[in-house]
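A quick write-up on the structure given underneath.
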Amino acid sequence: MQQDQCCSPRFKLKMLHRKTYHVKDLQGEIEAHTDIYHNLDENGQKILRSLEGSDDAILLQRRLDNMNFKWSELRKKSLNIRSHLEASSDQWKRLHLSLQELLVWLQLKDDELSRQAPIGGDCPAVQKQNDVHRAFKRELKTKEPVIMSTLETVRIFLTEQPLEGLEKLYQEPRELPPEERAQNVTRLLRKQAEEVNTEWEKLNLHSADWQRKIDEALERLQELQEATDELDLKLRQAEVIKGSWQPVGDLLIDSLQDHLEKVKALRGEMAPLKENVSHVNDLARQLTTLGIQLSPYNLSTLEDLNTRWKLLQVAVEDRIRQLHEAHRDFGPASQHFLSTSVQGPWERAISPNKVPYYIK
């Protein structure tokens with residue numbers, strides 16, 4: 446009597462629900478430790494980069510690989526056990542629903558990823574996009590065992606389930622032969638599984654392509670940032686010198702030549718700045734070619750640097766011209782200087798050997 450009760454369908458179903466409950470409880474504990482695992486993995490990768498090339502790095506890498514392998518195996522086993530138990534209770538409907546849910550999730554994630562575009566126009570914006578996408582990739586990594594386990598369960602189900610069992614699961618008009626109803630079940634599940642697998646691969650490729658664009662943009666924008674900072678520093682140094690200039694009219698006549706030489710020296714020091722300006726503008730054009738629209742801040746910075754460079758060039762050339770004119774008009778060889786040195790009717794002149802003399 447007791448043996449018959451243990452073998453009854455009701456008893457088996459009760460035991461199945463009990464086992465399913467325990468597996469769900471175990472899986473809940475695993476999910477509760479997901480954040481701890483991800484934090485350990487990320488911190489380990491950071492430490493690994495700081496130890497690059499050392500023996501400690503090799504040892505740490507092995508431990509991280511071992512941890513990742515064990516974590517993945519634990520999740521897979523938990524999911525496989527749960528899938529196996531749940532498959533015994535209305536498995537086809539569950540698989541059908543699971544595949545539908547996965548397809549919806551994959552589409553939502555692909556839409557979410559598309560909304561992360563376009564690439565930002567400065568380093569802070571792209572860095573924020575990188576952080577958002579890093580969290581997105583962690584979601585994919587967490588979801589991967591679920592998808593793989595579901596697809597594997599479908600494969601096993603289609604392989605092991607007899608056709609006479611499948612034909613009872615499909616709600617088609619009863620006039621269809623049992624074999625055709627079973628084939629419809631098989632086709633539906635296989636089609637859904639193929640769609641899930643295809644969309645999963647597409648989503649991962651989309652994510653990898655987006656990460657590549659982020660990495661490239663971040664590298665180019667950081668290069669632009671460094672180039673603009675360097676150019677700004679050099680322009681400021683030249684502008685400080687320019688700001689120290691006295692009006693030409695306030696200069697001592699004897700110092701005109703010295704000031705002229707200093708300005709010419711500054712012009713020589715400024716010559717390499719032309720390459721800096723060209724480099725900055727080239728980097729900006731390259732970013733535009735990549736389809737990256739520079740932020741208003743970056744555009745304003747570029748305009749400011751180019752304007753300051755042009756104004757500095759004009760100021761130096763004007764200064765040289767003014768000093769040349771002053772030296773010509775008021776220097777030691779100037780007749781204007783000589784005529785204003787004495788009262789009329791006397792005048793001063795200078796001989797070819799630059800010896801001054803008076804004439805009346």
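Offset between the sequence shown (1-based) and the working numbering: plus 445.
Just so it is clear, CB atoms sit at the ideal spot from N, CA and C, and this is done for glycine as well.
Each residue's CA atom was taken as its position, placing Ile592 and Lys515 some 18 Å apart.
Its Cα nearest to that of Tyr742, the residue Asp567 stands out among Glu644, Asp567, Leu768. In chain order, Leu596 place their CB closer than 7 Å to the CB of Asn642, counting only its own chain and leaving out the 5 sequence neighbours on each side.
Trp690: not part of any alpha helix (DSSP H); DSSP gives it neither H nor E. A direct Cα-to-Cα measurement between Thr587 and Glu714 gives close to 58 Å. Excluding sequence positions up to five before and after Trp655, its CB lies within less than 7 Å of the CB of Leu558, Gln561, His578, all in the same chain and listed in chain order. DSSP places Glu706 in the uninterrupted alpha helix (DSSP H) bounded by 701-715. Ser517 and Gln506 have their C-alpha atoms some 16 Å from each other. A distance below 6 Å between beta-carbons, with the five flanking residues on each side excluded, links Gln637 to the following residues of its chain, in chain order: Leu544.
As the crow flies, the alpha-carbon of Glu639 is around 14 Å from that of Glu546. Between Leu739 and Ala729, the C-beta gap is smaller than 9 Å, which places the two residues in contact. Counting the other Cβ atoms within 10 Å of the Cβ of Val549 gives fewer than 16, which makes it exposed. Beyond the five residues adjoining it in sequence on each side, Arg764 comes within less than 7 Å, by CB distance, of Trp690, Val708 in the same chain, given in chain order. In the three-state reduction of the DSSP assignment, Gln767 falls in the helix class, which pools H, G and I. Spanning the alpha carbons of His724 and Glu584 requires a straight line of approximately 40 Å. Its Cα nearest to that of Leu711, the residue Leu680 stands out among Leu680, Leu650, Arg773.
Closest option to Asp699, judged by alpha-carbon separation, among Arg773, Lys647, Lys521: Arg773. Annotation for Ala562: no alpha helix (DSSP H) segment contains it, and DSSP assigns it neither H nor E. Per the C-alpha coordinates, the member of Asn649, Lys521, Lys538, Asp555 positioned closest to Ser594 is Lys521. When the five nearest sequence neighbours on each side are left out, the beta carbons in the same chain lying within less than 8 Å of the beta carbon of Leu669 are those of Val725, Leu728, Ala729, Leu732, Asn743, in order along the chain. When DSSP states are grouped into helix, strand and coil, Gln670 belongs to the helix group.
The residue from Gly565, Val571, Asp556, Gly688 with its alpha-carbon nearest to that of Asn649 is Asp556. Val571 and Glu646 have their alpha carbons spaced roughly 25 Å apart. Beyond the five residues adjoining it in sequence on each side, Arg753 comes within less than 6 Å, by CB distance, of Leu680 in the same chain, given in chain order. In this structure, Thr673 lies away from Leu551, with their beta-carbon atoms at least 9 Å apart.
In the three-state scheme derived from DSSP, where H, G and I count as helix and E and B as strand, Glu497 is classed as coil. It is roughly 34 Å from the alpha-carbon of Lys755 to the alpha-carbon of Ile659.
Its Cα nearest to that of Lys554, the residue Ser652 stands out among Ser652, Glu706, Leu504, Leu634.
Non-local C-beta neighbours of Leu676 in its own chain, meaning closer than 6 Å and more than five positions away in sequence, comprise Asn721, Val725, Leu750, ordered along the chain.
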